[in-house]
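Encoded as structure tokens, the structure appears first; notes follow it.
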Amino acid sequence: RELAPATCDCAMLARGALIKPWLPTELKERRDWDISSSERLDILRDFCKFGLDHWGSDARGVARTRRFLLEWLSFLHRYTPVGLLEVLPQ
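Going by the working numbering, the sequence shown runs without a break in its numbering and finishes at 170.
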């Protein structure tokens with residue numbers, strides 16, 4: 081079955097947003113945005129806070145938040161800051 085090009089674009093944007101959660105802002109502003117490590121840590125901190133708010137702070141909620149955080153970290157570790165690149169991606 082063939083997907084419409086717009087559907088594929090959305091899927092690729094979603095995959096990219098797993099690695100760079102600020103990707104929609106980059107696209108909207110049409111610039112490369114190299115956020116600092118403290119800003120990236122704030123994003124992780126917010127993710128944990130929201131997970132514990134949503135699933136609860138009991139053992140089961142902590143385990144579920146941890147599970148999804150570890151899954152997300154498996155994507156985030158692929159990010160290379162723009163300042164380290166010799167050539168910007170096209």
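C-beta: ideal position from N, C-alpha, C; glycine also.
- Between G96 and L107, the C-beta gap is not smaller than 7 angstroms, which leaves the two residues out of contact.
- By the neighbour-count criterion, in which a residue is buried when 16 or more other Cβ atoms sit within 10 angstroms of its Cβ, T160 is exposed.
- Out of V167, V162, D126, the CA that lies nearest to the CA of S116 is found in V162.
- The alpha-carbon separation between L124 and R144 amounts to approximately 15 angstroms.
- Its chain contains L124, F127, C128, G131 as the residues whose beta carbon lies nearer than 8 angstroms to that of L149, once the 5 sequence neighbours on both sides are disregarded; these appear in chain order.
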